[in-house]
Amino acid sequence: MATSLHSLFLVLIIAGISIVPTYSTSRGALPDHRTTTNTTFQVNLQRVDSGKNFTKFELLQRALERSNRRLDAIRAMLDSTSNIDSPVNSGNGEFLMNLAIGTPPESFAAIMDTGSNLIWTQCEPCLQCFSQPNPIYNPQDSSSFSQLPCSSQLCQALRSSTCSNGCQYSYSYGDGSSTQGYMGSETFTFESTSVPNIGFGCGENNSGFGGSNGAGLVGMGRGLLSLPSQVNANQFSYCLTSVGSTATSTLQIGSLSAPSGGSTVTTPLIQNPQKPTFYYLGLNDISVGGSPLNIPQGTFELNDDGTGGFIIDSGTTRTHLINSAYSTVKQAFTSQANLPPYTGPSVGFDSCFQLPSDTSNVQVPSIVMHFNGADVSLPAENYFVEVNPGVACLAMEGAQDMSIYGNIQQQNFEILYDLSNDVLSFTPTQCGSSS
Numbered sequence: 162m163a164t165s166l167h168s169l170f171l172v173l174i175i176a177g178i179s180i181v182p183t184y185s186t187s188r189g190a191l192p193d194h195r196t197t198t199n200t201t202f203q204v205n206l207q208r209v210d211s212g213k214n215f216t217k218f219e220l221l222q223r224a225l226e227r228s229n230r231r232l233d234a235i236r237a238m239l240d241s242t243s244n245i246d247s248p249v250n251s252g253n254g255e256f257l258m259n260l261a262i263g264t265p266p267e268s269f270a271a272i273m274d275t276g277s278n279l280i281w282t283q284c285e286p287c288l289q290c291f292s293q294p295n296p297i298y299n300p301q302d303s304s305s306f307s308q309l310p311c312s313s314q315l316c317q318a319l320r321s322s323t324c325s326n327g328c329q330y331s332y333s334y335g336d337g338s339s340t341q342g343y344m345g346s347e348t349f350t351f352e353s354t355s356v357p358n359i360g361f362g363c364g365e366n367n368s369g370f371g372g373s374n375g376a377g378l379v380g381m382g383r384g385l386l387s388l389p390s391q392v393n394a395n396q397f398s399y400c401l402t403s404v405g406s407t408a409t410s411t412l413q414i415g416s417l418s419a420p421s422g423g424s425t426v427t428t429p430l431i432q433n434p435q436k437p438t439f440y441y442l443g444l445n446d447i448s449v450g451g452s453p454l455n456i457p458q459g460t461f462e463l464n465d466d467g468t469g470g471f472i473i474d475s476g477t478t479r480t481h482l483i484n485s486a487y488s489t490v491k492q493a494f495t496s497q498a499n500l501p502p503y504t505g506p507s508v509g510f511d512s513c514f515q516l517p518s519d520t521s522n523v524q525v526p527s528i529v530m531h532f533n534g535a536d537v538s539l540p541a542e543n544y545f546v547e548v549n550p551g552v553a554c555l556a557m558e559g560a561q562d563m564s565i566y567g568n569i570q571q572q573n574f575e576i577l578y579d580l581s582n583d584v585l586s587f588t589p590t591q592c593g594s595s596s
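Residues are numbered in this note's numbering as their position in the sequence shown, beginning at 1, plus a constant of 161.
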């Protein structure tokens, strides 16, 4: 079985990394702070490199650099012996969401990240702040701001906090980047929906960030500090467009997030008690060209010590498979592609091919991901990426000790996280087509 490249556009899915704290409390009641009713809203997402003067090849290289740092960050977090938060430049995220803070509302953009929990932005007066497109938020100018007390469950959910004139937080990262400040409560506005009493970090001393067009981060993980938890959302979804599209990616919070297609497939979300921030899926096997690879049972299982497993992540570019599984996929794909290998200078991917001048008749093997109870058939552009004229690569990579489902593979699927029932749904769609 093969997939035609006749309509395959140059697909450059830019991914990055963002704050990945090493600790998160599992989801639970927040009687002192959480909103009491389910909140529903939709926001648009844009890529951090949108509108910048880079060539397509440069955009892809920037994406891969961020993705490699992201992989190192997640690996450091999952390493139970590691004392660092993440050896990454945490400000270089992938998807920015536009929102506003305070009363009256002040607009800013922040990175949306399913791999972390804390919501934070830069605050005046700043001891050290990085450059951002919008004015830095000043809590003294807002009538709805208040500091969180040390007794707050949100303060207690922080990995590192001190009690000095309110709840003080400090996040440090292995690359020298850090954010420090105090925890506050404020009204956040998402498009036309205002939500009061959101707990967030007011960063007064921030270094090592910048370069993302953003002014902070919105954590979407499983912990108490995350946006879904704080607004009591029982589900959220996103629909990510490809870079070549003029359409807009979207994030939906709450009951607006119902699957909209008839070909929806659903798989259980798996929790990692050792590292509860991330969302895990059960992957059983992978088919290439219509044939199951019969990857040994247990290859992608989550171990009792919290290692292993298969993470779905919004901030990782390409899919990373544990080395033994990747080698099997690579061998099967290469043997069926009927394309000569690319032998030129490195383009950032491991398995690349030389394309003919006329690609209308090029066929590439199909790829199907066999999750628990859900077979996800990937469009060709979700795994075969033209990185330079005449050069295309398999958008997967090997990893020594972990597997991650990257956002190249997630594009043009509505992906719904049902937090009440602990399931995740994939619905093939043309993201942004109704915008």
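Glycine included, each C-beta is placed from N, C-alpha and C at the ideal position.
{"Check": "Whole-angstrom C-beta distance between V449 and I528, which should lie under 8 Å", "Outcome": "6 Å"}
{"Check": "Alpha carbon of Q458 to alpha carbon of N445, nearest angstrom", "Outcome": "7 Å"}
{"Check": "Sub-8 Å separation of L401 and C554 beta-carbons", "Outcome": "no"}
{"Check": "Residues that DSSP places opposite D274 in a beta bridge", "Outcome": "G380"}
{"Check": "C-beta contact flag for L412 and Q207 at 8 Å", "Outcome": "no"}
{"Check": "Inter-stretch contact at 8 Å, needing at least 3 Cβ pairs: the region 512-526 / the region 468-484", "Outcome": "no"}
{"Check": "Burial state of G451 (16 or more Cβ within 10 Å)", "Outcome": "exposed"}
{"Check": "Residue nearest to G342 in terms of C-alpha spacing, selected from A541, C284, E462, S403", "Outcome": "C284"}
{"Check": "Residue range of the unbroken beta strand (DSSP E) whose run includes C316", "Outcome": "Segment 314-317 is the alpha helix (DSSP H) holding C316; no beta strand (DSSP E) there."}
{"Check": "Element boundaries [beta strand (DSSP E), containing N366]", "Outcome": "354-368"}
{"Check": "Enclosing beta strand (DSSP E) for L585 [first to last residue]", "Outcome": "584-589"}
{"Check": "Span separating the alpha-carbon of Q580 from that of A394", "Outcome": "One detail in the question is off: residue 580 reads as Leu in this sequence, not Gln. Each residue's alpha carbon lies about 8 Å from the other."}
{"Check": "Inter-residue spacing [alpha-carbon to alpha-carbon] between Q432 and G551", "Outcome": "42 Å"}
{"Check": "With 16 other Cβ atoms within 10 Å as the buried cut-off, status of D274", "Outcome": "buried"}
{"Check": "Residue burial classification, G382 (beta-carbon count within 10 angstroms, cutoff 16)", "Outcome": "buried"}
{"Check": "Span of the beta strand (DSSP E), counted from its first residue to its last, around R320", "Outcome": "Segment: none, R320 is in no beta strand (DSSP E) and carries neither H nor E."}
{"Check": "Beta-carbon contacts of G375 that lie in its chain and below 6 Å, excluding the five residues immediately before and after", "Outcome": "L257, A270, A271, I272"}
{"Check": "Straight-line gap, Y332 to S321 (C-alpha atoms, nearest Å)", "Outcome": "7 Å"}
{"Check": "Environment of E219 [buried if 16+ CB atoms lie within 10 Å]", "Outcome": "exposed"}
{"Check": "Environment of T340 [buried if 16+ CB atoms lie within 10 Å]", "Outcome": "buried"}
{"Check": "Secondary structure of Q222, DSSP reduced to three states", "Outcome": "helix"}
{"Check": "Pairwise C-alpha distance: N326 and I414", "Outcome": "33 Å"}
{"Check": "Cβ of C554 within 8 Å of any chain C Cβ", "Outcome": "Here chain C cannot be found, since the structure has a single protein chain."}
{"Check": "Nearest candidate by alpha-carbon position, reference V356, set L378, Q572, T201, Q570", "Outcome": "T201"}
{"Check": "Local conformation of P389 per DSSP, three classes", "Outcome": "helix"}
{"Check": "Between the CA atoms of C290 and S390 - distance to the nearest angstrom", "Outcome": "28 Å"}
{"Check": "Supposed close pair C287, I280 - CB separation, criterion 8 Å", "Outcome": "Not quite, the Cβ-Cβ distance comes to about 18 Å (not below 8 Å), so this is no contact."}
{"Check": "Reduced DSSP secondary structure (H/G/I, E/B, other) of S410", "Outcome": "strand"}
{"Check": "Y487 beta carbon less than 8 Å from that of E558", "Outcome": "yes"}
{"Check": "For V490, the three-state DSSP class (helix, strand or coil)", "Outcome": "helix"}
{"Check": "Supposed close pair G377, T438 - CB separation, criterion 8 Å", "Outcome": "Actually they do not touch by this definition, with Cβ atoms about 18 Å apart."}
{"Check": "Distance, S305 Cα to A498 Cα", "Outcome": "59 Å"}
{"Check": "Sheet register partners of C284 (DSSP bridge)", "Outcome": "Y298"}
{"Check": "Spatial neighbours of V537 in its chain, beta-carbon cut-off 6 Å, leaving aside the 5 residues before and after", "Outcome": "M530, F587"}
{"Check": "Sub-8 Å separation of Q570 and N543 beta-carbons", "Outcome": "yes"}
{"Check": "Backbone CA spacing between R227 and N568 [nearest angstrom]", "Outcome": "13 Å"}
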